[in-house]
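Novice:
In my numbering, the protein residues as written are 952 to 1079.
(1) Could you check the C-alpha separation between residue 972 and residue 1001 for me, to the nearest Å?
(2) By Cβ distance, which residues of its chain are closer than 7 Å to residue 986, with the 5 residues on each side in sequence left out?
(3) Thinking C-beta only, is residue 1023 closer than 9 Å to residue 1061?
(4) Which value, in whole angstroms, describes the spacing of the CA atoms of residue 1027 and residue 1051?
(5) Quick one, which of 1075, 989, 984, 1064 has its alpha-carbon nearest residue 1037's?
Below, the structure written as structure tokens:
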């Protein structure tokens, strides 16, 4: 009888953690954002769509208190378009001046994400 090699669990595509890891980092983000937020930002680059979406949602749920960390990462070229879009989803109109910087980006995806985020923040607050 031939022995079969054990099957490996599906890879999260190079990410050190999948959705479960993202959820754990979300929980840690509430008490240790300096530790968890950079890991969630890295997860935004996962080729696994579920991991990417979970990281995005976790960062939004953690709220605007991490905006400085997110802006610093975006300014250093980490997942810039995703982070700029995420900043709009935080709902903090005070981020508009920082987002305006990104409208001049040479990367058309980043510039478009910045314009969309600014428009979102203005429309949300105009309807309230």
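All residues carry an ideal CB built from backbone N, CA and C; glycine is no exception.
Specialist: According to the structure shown:
(1) For this step, residue 972 is matched to residue 21 along the chain shown. For this step, residue 1001 is matched to residue 50 along the chain shown. Spanning the two alpha carbons is a distance of roughly 12 Å.
(2) If you number the chain shown from 1, residue 986 lands on position 35. Excluding positions up to five away in sequence, the list reads 979.
(3) As a position in the chain shown, residue 1061 is number 110, starting the count at 1. As a position in the chain shown, residue 1023 is number 72, starting the count at 1. Taking 9 Å as the Cβ cut-off, residue 1061 and residue 1023 do not qualify as a contacting pair.
(4) Counting from 1 along the chain shown, the entry for residue 1027 is found at position 76. Counting from 1 along the chain shown, the entry for residue 1051 is found at position 100. So the alpha carbons of these two residues sit roughly 16 Å apart.
(5) Within the chain shown, numbered from 1, the residue matching residue 1037 stands at position 86. Closest option to residue 1037, Cα to Cα, is 1064.
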